[in-house]
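In the UniProt record's numbering, the protein residues as written are 1 to 613. Ideal placement from N, C-alpha and C gives every residue a C-beta, glycine not left out.
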Amino acid sequence: MVLPEENDLLLIRLHLEARNGFPNLAWRCSRVEVCRLRDRPETPQVQVFPCDKWLRAQDGDIELRSGKLCLLKDETEETLRKQRLAQLQRQQKLIRWRQYVDGAPHCVDLNSPAELGPNLSYIQTSPVHNLLYLKGFEGQAEAWKSFKDLETAFALSGHQNSTARFVHAHWMDDWYFGYQCLNGCNPLLLRQTRLLPPNLAITSDMLRPFLPGGSSLEQELQKGTVYLLDYEVLDDVPANVINGKQTYLSAPLCLLHLNPQGQLLPIAIQLQQRPGPQNPVFLPSDAGCDWLLAKIWVHSADFQCHQLASHYLRTHMLAELCCVATLRQLPEPHPLHQLLMPHIRTSLQINISARASLLAAGGVFDKMDAVACGHAIPVVLSRASRRVSYRSLCVPDDLKDRGVDKLPQSYYAQDALRVWDALHRFVVGWVDLYYAGDEDVQQDSELQLWLDDIDAHGFSRDSGFPRSFQTRAEASQFVTMIIFSSSALHAAVNFSQLDFGLWIPNRPAAMMRPPLQVKAAVTEDDILSFLPDVNSSCRVLTILTLLSQLALNFVPLCHYKEAVFRDGAHRRLVEEVQAELQAISGDITERGSQLEVPYLYLSPGRIENSVSI
């Protein structure tokens, strides 16, 4: 577009009109360039109006501005201030809140991904999976007949890698049980304890044989070498019915000890929360099948907490919460809108789809998981939401609070901290570009309303989430938390699922017999009767296969397609964080070359930029 000499334009309006006899298609507009002739027509001055959007006739006119990103206080033209407000008012009519589960973060009030429109949708190119073998078991609603059959299913699954084979070889080993608490697909639950839970019925004498020579439980607690897994969120949750058969849940307490060799070993397991004669404490000295089955019960409980709390709640629901608030409260010219949206935009489509299929009553999870979608999932999500604290979402605080920040074999902790630090420096740099001081943060009404929206529709009032931002540091930490949860944390808890779940006894999605009430009552053959039926086991593997593979067109962490990240200061920040993340990837690869099984889930080159699967 070429215009004669005039004052600079503030806004341009685009109108896409559907014409009779022509297909009504969406158009992708990158930008509009306005050329002004001014004094030298042969070298016109170009004014650029970025768009980077799909345009549809049914969406109405769209207004574009040529100014750079800025805060509301820096908006010098009243026309642009009004346009900023009008955009938010329009978004708030289109993007509304809905309560999904009482007590859990709210979601977007849409029923189908088609309602999102092209600018909030995405197309994922997934690898081709050969699932015919697994689907062939669909009609076998019966228990596994032997471990040999399980071995055959594992061998022929076609999705093994070195980690899955290592799990298969070592799943019964106590040291590997502890390793999975640190580096498995749910590394968020283990915590150091210096006081025993009052409902864990153990004494120092019971555990003395499993502690270093001459040491008592009290001494080990004081030294900080005792750790706890507590699945009380599952207590009294009604279990599902699968294939017409009742399944069973437990809410275990598991005590672990960090031995002088640096191994984390389970030393006591109580399968239910309330102590009593029918709820014995299982010990490593018990009969081998008793101890093994007790550990399987812990892993089954961990499967439920991992799927709903660590995975869906802390990554998917958190990203959607922040995405809806961003669309409603931060206008497009706001610098934090542009920084955040590439990390949270995709959460809307994947979560709407999940609620309509995976998590719907009678859906996929109802056919394989001990926690039923209709009545049990709301209970677990509500309880888990009440237990989320802001500190638990901020990696340095979380690792320190749980006492896992310095454990030598905690590769998740090591890598999570390095990735968090790199993201935090990136966010601090971005924030400092637009906020000259803490006063600017305090006076940014759009930012404070954004936080108010997250607070009103997010976690419980006593979760420790900030109610307002007083400093640049507070805003930077909060934004870092969102980006990390939507990218790195999701990579750690999602893309590891198949590796640790491919061998069914290591992470059974349901248990088909009640928790043990006495000792010395089971044999190795009995263990099979506790595991999920053949067809529900294979449904689990089918879903984990689909969820655990990176898309062919995935966008790595801190790689951006949006034009705003190619501008001057933004580009420098992106180049700096990409270089830092690449160095972390190199270090993780080097470390992995020295380990029998490398931990690679937080290697930045394998971390997707957002929650999209």
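Cβ neighbour criterion (16 or more within 10 Å) applied to residue i
{"i": "residue 315", "result": "buried"}
{"i": "residue 135", "result": "exposed"}
{"i": "residue 138", "result": "exposed"}
{"i": "residue 562", "result": "exposed"}
{"i": "residue 351", "result": "buried"}
{"i": "residue 203", "result": "exposed"}
{"i": "residue 530", "result": "buried"}
{"i": "residue 4", "result": "At residue 4 the pLDDT is 47, less than 50, meaning the model places this residue with poor confidence; the figure from the coordinates comes in the next sentence. Classification for residue 4: exposed."}
{"i": "residue 71", "result": "buried"}
{"i": "residue 614", "result": "The shown model of the chain, from 1 to 613, leaves out residue 614, and the question about it has no answer."}
{"i": "residue 296", "result": "buried"}
{"i": "residue 450", "result": "buried"}
{"i": "residue 420", "result": "buried"}
{"i": "residue 458", "result": "buried"}
{"i": "residue 220", "result": "buried"}
{"i": "residue 127", "result": "exposed"}
{"i": "residue 609", "result": "buried"}
{"i": "residue 424", "result": "buried"}
{"i": "residue 96", "result": "exposed"}
Alpha-carbon spacing of residue i relative to residue j, whole angstroms
{"i": "residue 349", "j": "residue 132", "result": "27 Å"}
{"i": "residue 601", "j": "residue 426", "result": "21 Å"}
{"i": "residue 18", "j": "residue 470", "result": "48 Å"}
{"i": "residue 603", "j": "residue 588", "result": "6 Å"}
{"i": "residue 2", "j": "residue 36", "result": "In this prediction, residue 2 has a pLDDT of 49, which is less than 50 and means its spatial position is unreliable; what the coordinates show is noted afterwards. Their Cα atoms are separated by approximately 6 Å."}
{"i": "residue 611", "j": "residue 551", "result": "12 Å"}
{"i": "residue 549", "j": "residue 613", "result": "9 Å"}
{"i": "residue 556", "j": "residue 344", "result": "14 Å"}
{"i": "residue 355", "j": "residue 274", "result": "33 Å"}
{"i": "residue 590", "j": "residue 443", "result": "46 Å"}
{"i": "residue 468", "j": "residue 453", "result": "11 Å"}
{"i": "residue 81", "j": "residue 75", "result": "6 Å"}
{"i": "residue 324", "j": "residue 183", "result": "32 Å"}
{"i": "residue 439", "j": "residue 73", "result": "12 Å"}
{"i": "residue 272", "j": "residue 237", "result": "12 Å"}
{"i": "residue 320", "j": "residue 260", "result": "43 Å"}
{"i": "residue 265", "j": "residue 596", "result": "19 Å"}
{"i": "residue 617", "j": "residue 327", "result": "Limits of the chain in this structure are 1 at one end and 613 at the other, which puts residue 617 out of reach."}
{"i": "residue 418", "j": "residue 494", "result": "19 Å"}
{"i": "residue 15", "j": "residue 57", "result": "7 Å"}
{"i": "residue 103", "j": "residue 212", "result": "44 Å"}
{"i": "residue 216", "j": "residue 210", "result": "10 Å"}
{"i": "residue 13", "j": "residue 32", "result": "10 Å"}
{"i": "residue 87", "j": "residue 334", "result": "12 Å"}
{"i": "residue 24", "j": "residue 541", "result": "42 Å"}
{"i": "residue 598", "j": "residue 422", "result": "22 Å"}
{"i": "residue 435", "j": "residue 339", "result": "14 Å"}
Reference residue i; option with closest CA among the options
{"i": "residue 363", "options": "242, 333 and 610", "result": "242"}
{"i": "residue 277", "options": "443, 199 and 235", "result": "199"}
{"i": "residue 48", "options": "290, 30 and 57", "result": "30"}
{"i": "residue 11", "options": "70, 66 and 354", "result": "66"}
{"i": "residue 593", "options": "120, 162 and 220", "result": "162"}
{"i": "residue 310", "options": "383, 443 and 556", "result": "383"}
{"i": "residue 465", "options": "391, 436 and 428", "result": "391"}
{"i": "residue 268", "options": "317, 279 and 54", "result": "279"}
{"i": "residue 226", "options": "244, 236 and 207", "result": "207"}
{"i": "residue 554", "options": "195, 491, 417 and 95", "result": "491"}
{"i": "residue 337", "options": "15, 84 and 63", "result": "84"}
{"i": "residue 445", "options": "331, 60 and 497", "result": "331"}
{"i": "residue 308", "options": "189, 235 and 377", "result": "377"}
{"i": "residue 150", "options": "535, 545, 123 and 372", "result": "535"}
{"i": "residue 90", "options": "101, 61 and 462", "result": "61"}
{"i": "residue 370", "options": "413, 116 and 533", "result": "533"}
{"i": "residue 523", "options": "8, 286 and 98", "result": "286"}
{"i": "residue 379", "options": "428, 111, 537 and 232", "result": "232"}
{"i": "residue 196", "options": "176, 394 and 270", "result": "270"}
{"i": "residue 165", "options": "498, 578 and 130", "result": "498"}
Nearest-angstrom beta carbon gap, residue j and residue i [assumed within contact, 8 Å]
{"i": "residue 254", "j": "residue 292", "result": "Their Cβ separation, rounded to whole angstroms, is 14 Å, which puts residue 254 and residue 292 out of contact at 8 Å."}
{"i": "residue 281", "j": "residue 201", "result": "6 Å"}
{"i": "residue 181", "j": "residue 256", "result": "7 Å"}
**Asked** Taking one C-beta from the stretch 159 to 174 and one from the stretch 478 to 492 each time, how about it: are there three or more such pairs within less than 8 Å?
**Response** no
**Asked** Would the stretch 393 to 402 and the stretch 578 to 592 be scored as touching if the rule is three or more Cβ pairs under 8 Å?
**Response** no
**Message:** Whether or not the stretch 507 to 521 and the stretch 286 to 305 are in contact is what I'm after, with contact meaning three or more pairs of Cβ atoms, one per stretch, closer than 8 Å; do they touch?
**Reply:** yes
**Request:** Determine, using beta-carbon pairs with one atom in the stretch 237 to 252 and one in the stretch 510 to 528, whether at least three such pairs fall under 8 Å.
**Result:** yes
**Request:** Check whether the stretch 148 to 157 touches the stretch 466 to 475, taking contact to mean three or more Cβ pairs, one atom from each stretch, closer than 8 Å.
**Result:** no
**Message:** Three Cβ pairs or more, each shorter than 8 Å: is that satisfied between the stretch 563 to 582 and the stretch 408 to 417?
**Reply:** no
**Message:** Does the contact criterion of 3 or more C-beta pairs under 8 Å hold for the stretch 141 to 149 versus the stretch 492 to 503?
**Reply:** no
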